[in-house]
Amino acid sequence: MKTGNVLVIEYDQLPLLARELAGMIRNEIEREDNDIYLTARQLSERIPAMSEDKIKRQIRAKKYGKKMSDNGVLVARPSEVLKYNKLN
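Residue numbers (my numbering): -8 to 79.
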């Protein structure tokens, strides 16, 4: 019989865990090799504070990013979105 690992987090440890995870997520997003062009949907999944529609509006307004391919796919780098919206 196989048993799984269990992680127990106490309520009073949640703020500390949130701070640690936020820092880790920010560092992961800001890494150079991760700073590739992503679609608005991919960006909204990586940066939960931003909706896909808001990102598309800002790219169309030429705040950051660009249109790519013949279909006009809107793309931007995560660092551009974070910098423009002052989320870091």
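Glycine included, C-beta positions come from ideal geometry on N, C-alpha and C. Keep in mind that this is a model prediction, so the values were computed, not measured.
Check	Outcome
Return the CA-CA distance between L7 and Y55, expressed in angstroms with no decimal places.	33 Å
Using the Cβ count rule (16 or more neighbours within 10 Å means buried), how would you classify K39?	One point to set straight first is that residue 39 is Pro, not Lys, in the sequence displayed. Result: exposed.
Looking at R51 and E43, is the spacing between their C-beta atoms short of 7 Å?	no
With H, G and I counted as helix, E and B as strand and the rest as coil, what does DSSP make of A40?	coil
Hey, L29 and I46: beta-carbon distance below 7 Å or not?	no
Quick check on V64: does DSSP put it in helix, strand or coil?	strand
How far does the beta strand (DSSP E) with K57 in it reach, from first residue to last?	K57 to M59
Taking 7 Å as the threshold (C-beta atoms), are P69 and R37 in contact?	yes
Could you pull the DSSP bridge partners for L29 from this structure?	A67
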